[in-house]
Amino acid sequence: MRYESQRVAMPYFIFALILFAGQIVFGLVLGLQYVVGDFLFPEIPFNVARMVHTNLLIVWLLFGFMGATYYLVPEEAQTELYSPLLAWILFWVFAVAGTLTILGYLFVDYATLADVTMNKLLPTMGREFLEQPTITKIGIAIVAVGFLFNILMTALKGRKTVVNIVLITGLVGLAALWLFSFYNPSNLTLDKYFWWFVVHLWVEGVWELIMGAILAYVLIKITGVDREVIEKWLYVIIAMALISGIIGTGHHFFWIGPPEYWLWLGSVFSAIEPLPFFMMVLFAFNMINRRRRNHPNKAAMLWAMGTAVMAFLGAGVWGFLHTLAPVNYYTHGSQITAAHGHMAFYGAYVMIVLTIISYAMPIMRGRPYGNSNTAQVLEMWGFWLMTISMVFITLFLTGAGILQVWLQRIPESGQALSFMATQDHISLFYWMRFVAGCFFLSGLAVYFGSFFIKGQASPSEEVRGPATEDA
Amino acid sequence: MSTPSAETKTRHLPGDIAVWMFIFAELAVFGILFIGFTVARSLDPATFHAGREVLHPWIGLLNTAALITASYLVATAVHQLRHGQRRCHLRLWLAVAISSIYTIGKLWEYGNLYGLGYNLGTDTFFMFYFFLTFFHFMHVVLGQIILVVLAVKVGRGDYDGSDMNGMESGASYWHMVDLVWLVLFPMVYVLA
Chain B
1 MRYESQRVAM
11 PYFIFALILF
21 AGQIVFGLVL
31 GLQYVVGDFL
41 FPEIPFNVAR
51 MVHTNLLIVW
61 LLFGFMGATY
71 YLVPEEAQTE
81 LYSPLLAWIL
91 FWVFAVAGTL
101 TILGYLFVDY
111 ATLADVTMNK
121 LLPTMGREFL
131 EQPTITKIGI
141 AIVAVGFLFN
151 ILMTALKGRK
161 TVVNIVLITG
171 LVGLAALWLF
181 SFYNPSNLTL
191 DKYFWWFVVH
201 LWVEGVWELI
211 MGAILAYVLI
221 KITGVDREVI
231 EKWLYVIIAM
241 ALISGIIGTG
251 HHFFWIGPPE
261 YWLWLGSVFS
271 AIEPLPFFMM
281 VLFAFNMINR
291 RRRNHPNKAA
301 MLWAMGTAVM
311 AFLGAGVWGF
321 LHTLAPVNYY
331 THGSQITAAH
341 GHMAFYGAYV
351 MIVLTIISYA
361 MPIMRGRPYG
371 NSNTAQVLEM
381 WGFWLMTISM
391 VFITLFLTGA
401 GILQVWLQRI
411 PESGQALSFM
421 ATQDHISLFY
431 WMRFVAGCFF
441 LSGLAVYFGS
451 FFIKGQASPS
461 EEVRGPATED
471 A
Chain S
1 MSTPSAETKT
11 RHLPGDIAVW
21 MFIFAELAVF
31 GILFIGFTVA
41 RSLDPATFHA
51 GREVLHPWIG
61 LLNTAALITA
71 SYLVATAVHQ
81 LRHGQRRCHL
91 RLWLAVAISS
101 IYTIGKLWEY
111 GNLYGLGYNL
121 GTDTFFMFYF
131 FLTFFHFMHV
141 VLGQIILVVL
151 AVKVGRGDYD
161 GSDMNGMESG
171 ASYWHMVDLV
181 WLVLFPMVYV
191 LA
């Protein structure tokens, strides 16, 4: 860590990890509710638990992205952060607003929450993933503006690097697209149409820029490969991500009412969406093979490779499985979608945040060469437990999804089972998914445990080639 | 047995490997669209035949000639720069000018068809026609911007032929755009 102000990333990372734990706990609650329908009813009904599970995910990833940005932008720009104070203020504003919103979901019924937060004045509530009260949405917008101001002022006064430019472009896009969460047309087709401008263009558009930039930064640091080489790859990856991802939004427009041509455009362009993720795999492994230093922080390198592979599998392969219109006609909104959602979010965005945490956290804690060997081994156990559990969660949900499509969607209308009758037939998969989820939680516990082991890696483990001053 | 001259004359990829990754990805997109077009046509030949009747093949042919001529100029400009001839930037400017025949011709076609009431939502043929050609049109415009950048760089002396990476990368991209049109034109205007 070269600049003292980078340390402001620490509270963001810690809070992100706390929310991550909350998300997993609610994931298990949901997993159980799938098979034991009245578990925790009426205290925490399924719809509330689901809202908490998904909203926690989004908020903790945003905390993670902000922490990553505060850490890497000053170092890339080679200057102190413009205002660490502003970063601290925004941290508390966002943390308090986020916590109050989650508590609101849990302890107040949703209609009352809408009333007390004066949703009537500007109705934006009630849409999946965008359930936040309007006032929280405004808060997020204000935090985003303050955050971008701080980051832009930092980046503009220092060295301009491709990593910073791509990261900031992604963040500006993230903030700009958030504005569509305030647009809530009464026509259901228009409503869904613009809803995807937030949901899809975030995760299959601008977030990929953020992911690419963070991955490139970590690879520069741990491999010592020339910045120019890494930047070139980054350009190609983000160009492909945008070319495929923007028109790829069409794969959500198949059955909601927009013109028929989206069947073609959505299918073709989303079929290309795995490419940027595949390039990220090539990118990460190529750079690591060509590394000019053996960074003692092996755990960070494992996360970097893991995120590339898992993002390709989860977002790329599992996305492609059901993205073509003739396939999606049968699979739309089935458990196959849930399988894809779990592995894609984990592989692409959870793991990239854990990658930068794995790299930056030891440095901020005064361990420039990484954690002690014991801590790293434990962290890697956490990595494998969580990642393998997620693979199984995905496989079980895929199995459930295939059976669901088979029983509920493919037969002629008279013979097809109803939604609820189908659920009974696939409950075995849900039980297995729940067990895999418990293993995921144990992996998370092991991962957290690694933070409490003292000591640091020795500089003698560092093997550096020539010309790696920048790394 | 290889001779020394054969060894020194190793085959090299013109331009940057990253640009080639990009070119292959672009060709994959167009390739899938072409396959989609062919499949859709085989499912509904009547619609595609009727749609084709409305197009302007002569303008398409003129556009083809413009793009091929521009490609010739770019290829010879690369050759000239390799021999250190800086005046090749004139050829690049000329390539931009001639390829503008394509952009103007295409815009006229869009205006004409739109005026007659055809658009992306008319039927499957016009969905493909408008989308495929407009997607390609955007690539031509990007290619022209790249050619302008190359011409300016050569004109200013930034490129003097000692390092051909930038010039070859830009030219490769331009030829890709041209190649796509050479498939697109007969497929949409003639064979549909």
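Chains as they are written, first to last, in UniProt numbering: chain B, 1 to 471; chain S, 1 to 192. Beta carbons: idealized from backbone N, C-alpha and C, even for Gly.
Which residue's Cα is closest to the Cα of Tyr173 (chain S): S:Thr38, S:His89, S:His12 and S:Ile23? S:Ile23
Ala471 (chain B) at chain S interface by Cβ criterion, 8 Å: Only weak support exists for where Ala471 (chain B) lies, its pLDDT of 48 falling under 50; the coordinates are left without a value.
Between the CA atoms of Ala114 (chain B) and residue 495 (chain B) - distance to the nearest angstrom: For residue 495 (chain B) there is no data in the structure shown, the boundaries of chain B being 1 and 471.
Check whether chain S comes within 8 Å of Pro259 (chain B), counting only Cβ atoms and requiring the distance to be less than that. Pro259 (chain B) counts as touching chain S.
Under 8 Å Cβ-Cβ, which residues of chain S neighbour Ile272 (chain B)? Ala25, Ala28, Val29 and Ile32
N-terminal and C-terminal residue of the alpha helix (DSSP H) that Ile336 (chain B) is part of: Gln335 to Ala344
Which same chain residues, not among the five before or five after Thr468 (chain B), have their C-beta less than 8 Å away from its C-beta? No answer about Thr468 (chain B) holds up, because its pLDDT of 47 lies below 50 and its placement is not dependable.
Is DSSP giving Gln80 (chain S) helix, strand or coil here? helix
Would you say residue 270 (chain S) faces chain B, with C-beta separation under 8 Å as the test? Given that chain S is displayed from residue 1 to residue 192, the structure contains no residue 270 (chain S) and the question cannot be resolved.
For Leu354 (chain B) and residue 475 (chain B), the rounded distance between their alpha carbons: This structure gives no information on residue 475 (chain B), because the portion of chain B shown stretches from 1 to 471.
Tell me the residue span of the alpha helix (DSSP H) that contains Thr112 (chain B). Tyr110 to Val116
When the distance is taken between beta carbons, is Ile336 (chain B) closer than 8 Å to Thr398 (chain B)? yes
Kindly indicate which residue of S:Leu81, S:His56 and S:Ser99 has the alpha-carbon position closest to the one of Ser71 (chain S). Ser71 (chain S) has its Cα closest to that of S:Ser99, out of S:Leu81, S:His56 and S:Ser99.
Can you pull the DSSP bridge partners for Gln456 (chain B)? Under the DSSP definition of a beta bridge, Gln456 (chain B) partners with B:Asn371.
Under a three-way DSSP split, which group does Lys120 (chain B) fall into? helix
Please confirm whether Met127 (chain S) has its beta-carbon closer than 8 Å to some beta-carbon of chain B. yes
Does DSSP put Gly67 (chain B) in a helix, in a strand, or in coil? In this structure, Gly67 (chain B) counts as helix in the three-state DSSP scheme.
Report all residues from its chain with a CB closer than 8 Å to the CB of Ala108 (chain B); omit the five preceding and five following residues, and keep chain order. Reading the sequence as shown, one finds Val at residue 108 (chain B) and not Ala. For Val108 (chain B), where only same-chain residues beyond five positions count, the Cβ hits under 8 Å are Val116.
Checking contacts by CB at 8 Å: is Thr468 (chain B) closer than that to chain S? Low confidence applies to Thr468 (chain B): its pLDDT is 47, below 50, so where it sits in the model is not reliable enough to give any reading.
Contacting residues, own chain, Cβ-Cβ under 6 Å from Phe94 (chain B) (five flanking each side not counted): Val143
In chain order, what residues of the region 234-248 of chain B put their CB closer than 8 Å to some CB of chain S? Tyr235, Val236, Ala239, Met240, Ile243 and Ser244
Please tell me whether Ala46 (chain S) has its Cβ less than 8 Å away from any Cβ of chain B. no
Using a Cβ-Cβ distance cut-off of 8 Å, determine whether Trp131 (chain S) contacts chain B. First, the residue type needs correcting, since residue 131 (chain S) is Phe and not Trp in the sequence shown. Yes, because at least one Cβ of chain B sits closer than 8 Å to the Cβ of Phe131 (chain S).
Within chain B, partners of Leu120 (chain S) - CB distance below 8 Å: Pro259 and Tyr261
For Trp264 (chain B), which residues in chain S fall below 7 Å Cβ to Cβ? Gly36 and Met127
From which residue to which residue does the alpha helix (DSSP H) around Ile140 (chain B) run? Thr134 to Lys157
In chain B, which residues lie less than 7 Å from Met164 (chain S) when you measure between Cβ atoms? Near Met164 (chain S) there are no residues of chain B at all, since even the closest Cβ is about 17 Å away, more than 7 Å.
By Cβ distance below 6 Å, which residues in the same chain neighbour Val163 (chain B) in space, the five residues on each side in sequence not counted? Glu76, Ala213, Ala216 and Tyr217
Buried or exposed, going by whether 16 or more other CB atoms sit within 10 Å of the CB of Val78 (chain S)? Label assigned to Val78 (chain S): buried.
Starting from the Cα of Leu116 (chain S), find the closest Cα among S:Ala97, S:Phe128 and S:Leu55 and give me that residue. S:Leu55
Do the region 74-93 of chain B and the region 156-174 of chain B touch if we need at least three Cβ pairs shorter than 8 Å? yes
Entirely enclosed beta strand (DSSP E) segments - the region 46-76 of chain S, minimum 3 residues: none
From Ile17 (chain S) to Gln408 (chain B), what does the alpha carbon distance come to, in whole angstroms? 48 Å
When every heavy atom of the ligand MN is checked, does at least one fall within less than 7 Å of the C-beta of Leu177 (chain B)? This structure simply doesn't include the ligand MN, nor any ligand for that matter.
Integer Cβ distance of Val206 (chain B) from Leu177 (chain B), believed to fall under 8 Å: 7 Å
Quick one: is Leu130 (chain B) near chain S, going by C-beta distance under 8 Å? no
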